[in-house]
Every structure is written in C-alpha cells, then in structure tokens.
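Protein sequences, first through last, are from chains B and Z. Just so we're aligned, residue 22 is where the first sequence starts under our numbering, counting upward by one. Just so we're aligned, residue 306 is where the second sequence starts under our numbering, counting upward by one. Glycine residues also receive a C-beta, built at the ideal position from the N, C-alpha and C atoms. If you're wondering where the values come from, they're calculated on a predicted model, not measured in any experiment. Okay, so here's the structure we're looking at.
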Amino acid sequence: MLRCLFATTLLAAISLTAIAADTKYTLTGENTHITFVGKKPDGKHTGGFKKLTGSAIIVDGKIESLKAEVTIDTDSLYSDDAKLTGHLKSPDFFDVKNHPTATFKITKVEKADKIYTVTGELTLLGKTKTVTFPASIATTGDAVLVSTSFPIDRTLWGMTYGKGKIEDKVELTIKVTAKK
Amino acid sequence: MPPPPPLKDVLDALQQDVLPGAGGAALVMCLFLLLGRWSAALGSAVAIAVAFMWSNFLPGSDPPDWENTSRLLHWKPDKDEPGYQWLPRAALLLVLVGLVSRWVGLLAAHFLPARFWWGSHVLVWLPRIVAVGMVSAWLVLGNAAEAPVWAHLRWELIAAMLLVWFVLDALARSEISSQLAVYLAAIFYAGAAVLLYSHNGTFMELAVVIGSAMFGIAVAAGLAKTSADAKVYASGAIPAVAAFLPGLLLGTRPSHPDNKVPDICFWLVALAPLLLAPFLLPRVSRQNRWLLLVLRMLLVLTPLIVAVLLAGQHEKLPYEE
C-alpha cells in the first residue's frame, strides 16, 4: 500500500515538474505587433495587422526551445493611407477575401552571439516558405520579449503586382511583449 | 471627365501590356498567314496564347522557375487557389476544345449523309458545352466565391460563356471576322476601365492584354484581307474571349476589394458581344455594308460607354485619389 502511494506521489511530482517547465505565452494583436514598410522609388508606406492569435512556448526557460505559432487576420490590415489599405487588401497584394489568414510558425531558434537566429515558416497567399532572420529574444519574469526587423521578398509568395514600380523587398518588424 | 493618367503609368502599360499583347499576337498571326489563309483560325488561337504568355512573363528572376516568372497570373495554379488564377488554364482548354471540335465538325459535315446535317453541329457544340461546364468549376474556386451571395456564380458563368461563344463563333467565321476582333478589343478596353474604377489593377491589366491581343489579330487579319470577299477567320481566338470576358468581368467579382461600382457595369461589358447576335440573321446581314458597320459600332459601343460612365459616377480612378 505504501509502495503504491509512493509511486503515485512520485509520478504526480514528475508530471507537475514537466508542466511547470513549459511556459506558455498567449499572443494577441495587443501584445504582438507586426508591421511592414513597402518602398517605391518616390516614397514608402507603412502598415501592419491589428488582429492575430497564437501562442509561444518556452521549455525550461531555454530560449532555444522557443516554439510559436501565429495566425494573422489579413482583413485587419492597416496602412498610413486609407485608399492604400483597400488596395493592399485586393488580389493585387494580400487578396484578403480568398486568403483571410496568414500564418507564421517558428520551427528553430539558435543562439548566435548576443542575438538569436530564428527559422520559421511563413504562409502567405496560400504559399509556405521558410524564412530565417536575426532576433533579440529575452524572458523577464513572467514575460517574453521578441524584437526583430528583417526583409522578405514578397514575390516568393506570388505577390508580383507592381514589380519594378514597388520594391520586391518588404521590411517586416515584429515586436512581442507577451505575458504568461 | 477624369484627368488623364500619369505619363509614367501610360508608358508602363504600353510596355508591359499593350505592346507584348498586340505585338505578340500580330507577329504570330502574320507568321501563320504566310502559310496561307487556311491557317488563320489556328494562327489566331496561337496568337492569343503567345500574347498572354509574353505579357505575363516576368524576366530577371534568378533562377527562373514557374513561381517567379509570372507577372499577372500564376502559370500553374495550386488546387486551392482562387478562380481567377485558373483563367489561363480555362482559356487554353476552351481554345483546344474549340479547334478540335471545329475540325471534327468539318469532317463530320463532309462524311455524314445530308439527312444527318445536325450531327456535325452536335459534334461541335457538345464537347464545347462539356468544356465550359468543366472550366466554370475552376473559375468559382476559392474562399471568396464560397459566400452564399455567390451561389449562382457558376451558372451565370456557364450561361455567359456559352452565349458569348455561340454568337462570336458564328460571327468570327463570317466576312466581318477581323472587324469583330476590333470590337472585342474595344470591349476588353472598356472592361479594363470598369475594372480600374473598381480598383483591380491585376484584372485591369489582364483585360488590356487580351484586348491588345485581339487588336493585334485584327491588324494582321486586316492587312491580309486584300479583297472584300477574301475571308480571314480569327475564330481560333474566340474561345479564349469566351473564357476571359465573363471570367474577368463576372467571375472575379467575389475577389474584388470593396468598391461602389454597380454590378450592372460588369454585366454590360461582359454581355456586350450578344448585341451583335441580330447580324447572324441573313436578312439583317444582307443590308448595306456601311449601314451595318455603323449599326454594329453603335450597338457595341453604347453599352460600353454606359458602363464606363456609370462606373465613373460611383468611383474615382486610383490616380485621382
């Protein structure tokens, strides 16, 4: 009887330790800001997405173990010009009526000097491509902080409208301040 | 009256849409006409395909592949891509079915006994109806077209495509074949204006490309038509028109960004060729040719002008804003 009680207690303790080691952070449009800058020869425009949902998990406090998945509501797209917002939602760019969501999934995080190299899969316009970018990631108390800025080539996802007039490279900036 | 577009935009459209479309189609059509007038129908089919491929090709990719060398529409649509990405494939299938069914029909008319005269028509139109039914399923793919408000879209497309094909096919095999190509160019250009008012850059450019291709075919066919009775048929390109005209004007509506252009504008342009149907009647087509020319122009241009003006009353062009 005692043996059985001991085994049960031990099993419960191990399970609790394992649960406690996985720290889950909920990602929303309030704590995760995804913005972009598109450039053309005579200027540039900024924009972003207001709504997204997702989660990030860090195991044992090790940032290299970070796994995250974010689903972006493409219809929540905004920009610095109301008419441009409408055009960006059209089939010329994000085609939000046919592709209401875009997703990003972090698959690997590696330490690289003072920052981290993040590898993930970005699905846009129904196409999934691997992206790798540098990011500063830190955990402070009950929050995880991520900050990164990197260019992507929009034509790789089939967003070829205005090639030659609008630059292919779009600067993406992601800032996360998510609590447990 | 809207202000003229910026010069840079005009030059870009000329370089990317008009010249490859019209030049490519005219060049191919001329090459086929060198073989003889018998190859004109086949030539016009190849011409519109080459014009689209030339305009849609995006140079400068390293390494070039299927994904990064398409400018307006993807060369190979994925199975879950929206209907408009399937337009080139739909047009290609209809062009192939159109050519083969016509040849089969000609053979049947030659070999079938006189009392089975209807047999050749069945052999021509049955495969075409099946093909239209098949491609209409592609053109309503995608999340946007699944909304209940678009439940009838497939049937609208089937009806519009078959009616347009039926009327244009008969006219394109008459002596006004090259003239018809000019009317179709005007219809696509008007469609481009309506699509521009509804803030659809890609679809507008596609309409310009196909319109320019028809203009190129018309120029080449017109040059080869040295006498009034020398018929040069541009009928091979008609199935592509039957796919692109309703496909672009009606089939892309679920994907359009929010705009105030009335639905009637798209219908007026998409069904404009049907106003030429009375000219299929022998009694009408025997009238004075100048009278017929004026009548045809009036009948085609009137709905186009109404559509563009109406669109302009409800929306501004992107460069006006």
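Practice task
Sort Z:Phe471, Z:Val613, Z:Lys621 by Cα distance to Z:Leu581 and report the nearest one.
Solution key: As a position in the second sequence, residue 581 of chain Z is number 276, starting the count at 1. For the residues Z:Phe471, Z:Val613, Z:Lys621, the minimum Cα distance to Z:Leu581 belongs to Z:Phe471.
Exercise for the section: Using a cut-off of 7 Å between C-beta atoms, extract the partners of B:Tyr182 located in chain Z. Expected result: Here residue 182 of chain B refers to the residue found at position 161 when the first sequence is read from its first residue. In chain order: Gly506, Thr507.
Practice task
Give the residues of chain Z in contact with B:His108, contact being defined as C-beta atoms less than 8 Å apart.
Solution key: If you number the first sequence from 1, residue 108 of chain B lands on position 87. Chain Z residues near B:His108: His504, Gly506, Pro562, Pro623.
Handout entry: Within chain Z, partners of B:Asp113 - CB distance below 8 Å
Key = The residue you call residue 113 of chain B lines up with position 92 of the first sequence. Those are Asn505, Gly506, Thr507, listed as they occur along chain Z.
Handout entry: Alpha-carbon spacing of Z:Leu576 relative to Z:Pro608, whole angstroms
Key = For the purposes of this step, residue 576 of chain Z is identified with residue 271 of the second sequence, where counting begins at 1. For the purposes of this step, residue 608 of chain Z is identified with residue 303 of the second sequence, where counting begins at 1. Roughly 9 Å between the two C-alpha positions.
Handout entry: chain Z within 7 Å of B:Gly50, Cβ atoms only
Key = On the first sequence, position 29 is the one that residue 50 of chain B refers to. B:Gly50 does not count as touching chain Z.
Practice task
Within 10 angstroms of the Cβ of Z:Ile610, are there 16 or more other Cβ atoms? Answer buried if so, exposed if not.
Solution key: Locating residue 610 of chain Z in the second sequence gives position 305, where the first residue counts as 1. Classification of Z:Ile610: exposed, given that the 10 Å Cβ count is below 16.
Handout entry: Buried versus exposed call for Z:Glu620 [16 or more other C-beta atoms within 10 Å across all chains shown]
Key = Residue mapping note: residue 620 of chain Z aligns to position 315 of the second sequence, counting from 1. Buried, by the Cβ-count rule.
Exercise for the section: Identify which residue in B:Ala156, B:Leu146, B:Leu177 has its Cα closest to the Cα of B:Thr140. Expected result: Taking the first sequence and counting its residues from 1, one reaches residue 140 of chain B at position 119. Nearest option by C-alpha distance: B:Ala156.
Exercise for the section: Compare the Cα-Cα distances from B:Lys135 to each of B:Thr198, B:Asp63, B:Glu85 and report the closest residue. Expected result: Residue numbering aside, residue 135 of chain B sits at position 114 when the first sequence is read from its first letter. Here the closest residue by C-alpha is B:Glu85.
Practice task
Check the Cβ-Cβ distances between B:Gly147 and every residue of chain Z, and say whether any is below 7 Å.
Solution key: Walking along the first sequence from the start, residue 147 of chain B turns up at place 126. Chain Z contact via Cβ: present.
Practice task
Would you mind working out which of Z:Pro310, Z:Ala477, Z:Ala456, Z:Ser517 sits nearest Z:Ala331, comparing C-alpha positions?
Solution key: By 1-based counting over the second sequence, the position of residue 331 of chain Z is 26. When each option's Cα is compared against that of Z:Ala331, the closest is Z:Ser517.
Exercise for the section: Could you tell me the distance, in whole angstroms, from the CA atom of Z:Ile434 to the CA atom of Z:Tyr538? Expected result: Here residue 434 of chain Z corresponds to residue number 129 of the second sequence, with the count starting at 1. Here residue 538 of chain Z corresponds to residue number 233 of the second sequence, with the count starting at 1. Taking the straight line joining both Cα atoms gives about 22 Å.
Exercise for the section: In angstroms with no decimal places, state the Cα-to-Cα distance between B:Lys118 and B:Thr144. Expected result: Along the first sequence, one-based indexing puts residue 118 of chain B at 97. Along the first sequence, one-based indexing puts residue 144 of chain B at 123. Those two C-alpha atoms are separated by around 16 Å.
Problem - chain B contacts from the segment 449-483 of chain Z (Cβ-Cβ distance under 7 Å) - result: Ala449
Problem - 8 Å Cβ cut-off: residues of chain Z touching B:Asp96 - result: To locate residue 96 of chain B, count along the first sequence from 1; it is residue 75. Residues of chain Z passing the Cβ test: none, with the nearest at roughly 11 Å.
Practice task
For B:Glu51, count neighbouring C-beta atoms within 10 Å of its own C-beta (all shown protein chains included) and say buried if the count is 16 or more, exposed if not.
Solution key: Within the first sequence, numbered from 1, the residue matching residue 51 of chain B stands at position 30. So B:Glu51 ends up on the exposed side.
Practice task
Would you give the residue range spanned by the alpha helix (DSSP H) that Z:Gly506 belongs to?
Solution key: Here residue 506 of chain Z is taken as the residue at index 201 of the second sequence, counted from 1. 506-529 is the span of the alpha helix (DSSP H), which, as asked, contains Z:Gly506.
Exercise for the section: Using a Cβ-Cβ cut-off of 7 Å, state whether B:Lys135 counts as contacting chain Z. Expected result: For the purposes of this step, residue 135 of chain B is identified with residue 114 of the first sequence, where counting begins at 1. No, B:Lys135 does not count as interfacial toward chain Z.
Exercise for the section: Jot down the residue ranges of each uninterrupted beta strand (DSSP E) in the segment 551-596 of chain Z, minimum 3 residues, whole runs only, in chain order. Expected result: none
Practice task
Output yes or no for whether 7 Å exceeds the beta carbon distance between Z:Pro578 and Z:Gly403.
Solution key: In the second sequence, the residue the question calls residue 578 of chain Z occupies position 273. In the second sequence, the residue the question calls residue 403 of chain Z occupies position 98. Going by C-beta atoms, Z:Pro578 is not nearer than 7 Å to Z:Gly403.
Problem - Residue from B:Gly59, B:Thr49, B:Leu48, B:Thr47 with nearest C-alpha to B:Phe171 - result: Taking the first sequence and counting its residues from 1, the one referred to as residue 171 of chain B is at position 150. It is B:Gly59 whose Cα lies nearest to the Cα of B:Phe171.
Problem - Cross-chain neighbours of B:Pro121 in chain Z, by beta carbon under 7 Å - result: Counting from 1 along the first sequence, the entry for residue 121 of chain B is found at position 100. Near B:Pro121 (Cβ distances below 7 Å), the residues of chain Z are Asn448.
Handout entry: Where Z:Leu316 falls, given that 16 or more other Cβ within 10 Å makes a residue buried
Key = Position 11 of the second sequence holds residue 316 of chain Z. So Z:Leu316 ends up on the exposed side.
Handout entry: is_contact[B:Thr204, chain Z] using C-beta, thresh 7 Å
Key = Because chain B spans 22 through 201 in this model, residue 204 of chain B falls outside it and cannot be assessed.
Problem - Distance between Z:Thr507 and Z:Leu412 (C-alpha atoms, nearest Å) - result: In the second sequence, residue 412 of chain Z corresponds to position 107, counting from 1. In the second sequence, residue 507 of chain Z corresponds to position 202, counting from 1. Their Cα atoms are separated by approximately 41 Å.
Practice task
Quick one: using the 10 Å Cβ neighbour count with 16 as the cut-off for buried, is Z:His504 buried or exposed?
Solution key: Counted from its first residue, the second sequence places residue 504 of chain Z at position 199. That one is buried.
Practice task
Please confirm if Z:Ala436 has its CB atom under 7 Å from at least one CB of chain B.
Solution key: Working through the second sequence from its first residue, we reach residue 436 of chain Z at position 131. Chain B contact via Cβ: absent.
Practice task
Counting only the same chain and skipping the five closest in sequence on each side, list residues whose C-beta sits under 7 Å from that of B:Thr198.
Solution key: Here residue 198 of chain B refers to the residue found at position 177 when the first sequence is read from its first residue. These residues qualify, in order along the chain: Asn52, Ala164, Leu166.
Exercise for the section: Give, in chain order, every residue of the segment 417-435 of chain Z whose Cβ lies closer than 8 Å to some Cβ of chain B. Expected result: none
Handout entry: N- and C-terminal bounds of the beta strand (DSSP E) containing B:Ile55
Key = Counting from one through the first sequence, the residue named residue 55 of chain B turns up at place 34. First-last of the beta strand (DSSP E) with B:Ile55: 53-61.
Exercise for the section: Consult DSSP for Z:Ala539 and reduce its assignment to one of helix, strand or coil. Expected result: For the purposes of this step, residue 539 of chain Z is taken as the residue at position 234 of the second sequence. It is coil, neither helix nor strand.
Exercise for the section: Assess, as a yes-or-no matter, whether the segment 385-401 of chain Z is touched by the segment 555-568 of chain Z under the definition of 3 or more beta carbon pairs within less than 8 Å. Expected result: yes
Handout entry: Z:Ala450 versus Z:Trp422 - alpha carbon distance
Key = Walking along the second sequence from the start, residue 450 of chain Z turns up at place 145. Walking along the second sequence from the start, residue 422 of chain Z turns up at place 117. Straight-line Cα distance between these residues: approximately 41 Å.
Exercise for the section: Consider the Cβ of Z:Arg394: report whether some Cβ of chain B lies at a distance smaller than 7 Å. Expected result: Along the second sequence, one-based indexing puts residue 394 of chain Z at 89. False, the Cβ-Cβ gap to chain B never drops below 7 Å.
Problem - Secondary structure of B:Phe70, DSSP reduced to three states - result: Reading the first sequence from its first residue, position 49 is the one you call residue 70 of chain B. Correct three-state label for B:Phe70: strand.
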